[in-house]
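Its first residue numbered 832, the sequence shown is counted upward by one per residue in my numbering.
Each residue gets a CB set at the ideal place from its N, CA and C atoms; glycine is no exception.
Predicted model, so just to flag it, every value in this text is computed and none were measured.
See below for the structure under consideration.
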Amino acid sequence: MFKRGVITDEISQDFKTAVGLALKYGLDGVEIRSVWEKGPHELDGDDFGKIKNILAGTGLKVSGISAPFFKCSHDNPEEIRQHIGILENCMQLAQALGTNLIRGFTFWKKGSFEENLDCIVERFNEPVKLLEKEGMTLALEFDPSVFASNACKLAKVIKKINSKYVKGLWDPGNDIYDSDGEIPYPDGYNIILPHMVHVHLKDAARQADGKINGVPIGEGDVDYKGQFKALIGGGYNGYVVLETHYRPKYEISEALLALPKGSAFSHNGYEATEECLVKWGKLMAELR
C-alpha cells in the first residue's frame, strides 16, 4: 500500500500548522516546498533544525523536497548556473531531513519540444554527477509550463538521460492542462509507470469555455478511482502526496501556479487541503 503525504505550503506557511493537519488525517509524511516565506533552497541550518524539532515524535517522515529546479530558461547559462546552486542547496536540505528525493523540471517551454530535446537532456549532465555523488534521486515532473508537458514527453527525456538517479514524478492532475490532450489514467500513467518513483495528487476540470479550474480531489476529470486501484494493484509502496492546487472562493494566479511560494500561494490552503483530504479518504473507503 502506498504512503500518504501532503505538500505543507498547500496548507500554510507555518510548518507547525501544516504538520498538525497532516497528523489529524493520519498521513505518513510531509513534503517541503515553501516554509516561513522561503523556498526550499533558501532555508538555512536554523530552519533545518526547526523543521526537525517540529517533526520529532510525530512519526511523520519527509517524503521529498519539491524544488523549483530547472524551472528556468534552457538557453540562459546564468540561470542554469543558479539552478545548479538550487539543486545543491536542496540536496543539503534533503540530507538533513532524511530524504533522498528532490523534484525537478525540464525548463520553461520555449519552442518545439522535439527540436530542443537533445539540448534539454545535455543540460542534465552536471546535475546527474551531483546526484550520483550523493546518492540522491531527481524526480522529474511534467507541467504545462515546461518542455515536458505530459507523460509521453517526460518519458522521452528520462530515457535519453538514462540515469538511475533520474526518475519520473507522476501527477495525473497536470495532464488535464496538457495541450496535447493526453488522458491521465490509464494512458499517461501506463507511459510513466516504468520510470515512476513518486506521485503527486491534484484534480482539475475543463470548463465549457475551455478554461481549466482546480477542484477538490475526485470532482475533476481525473479517474482517481481507477488510478488508486492501479497503484494498489500494482504494489506501489512509495508516497502519494497531495498537492491541492485548489482554493475555495479564491483563484491562484498563473504566476503562483508556475512557481508556488509564500503566503499569497498558501492563502485559504488549510480549508482547501482539509476538504481534499476528506474526499481522498472517502474515495479510498469506496475501494475497500
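Asked, Found
"Residue burial classification, Val997 (beta-carbon count within 10 angstroms, cutoff 16)", "buried"
"In chain order, each beta strand (DSSP E) run of at least 3 residues that lies wholly inside the stretch 1017-1093", "1027-1032, 1034-1037, 1043-1046, 1070-1073"
"Cβ contact check for the stretch 834-843 and the stretch 1068-1082: 3 or more pairs under 8 Å", "yes"
"Rounded straight-line distance, which links the Cα of Ile933 to that of Pro1015", "23 Å"
"Selection from Tyr856, Thr848, Val850, Lys1042 that minimises the alpha carbon distance to Lys1121", "As displayed, the chain neither begins before 832 nor continues past 1119, which places residue 1121 out of reach and without an answer."
"Proximity below 8 Å, CB of Arg864 to CB of Pro1091", "yes"
"Contained beta strand (DSSP E) runs [length at least 3] in the stretch 881-910, N- to C-terminal order", "892-900"
"Cross-strand partners of Ile933 (DSSP beta bridge)", "Ile896, Leu969"
"Neighbour-count burial assignment, Val1109, 16 or more Cβ in a 10 Å radius", "exposed"
"Enclosing beta strand (DSSP E) for Val837 [first to last residue]", "834-838"
"Where the alpha helix (DSSP H) containing Lys990 begins and where it ends", "982-992"
"Leu874, DSSP secondary structure in three states", "coil"
"According to DSSP, residues forming a beta bridge with Gly999", "Leu971, Met1027"
"Which of helix, strand or coil DSSP assigns to Glu1013", "coil"
"Same chain only: Cβ atoms within 8 Å of Gly954, ignoring 5 sequence neighbours per side", "The sequence given here places Arg at residue 954; Gly does not occur at that position. Same-chain partners within the cutoff: Phe901, His905, Ile911, Phe938."
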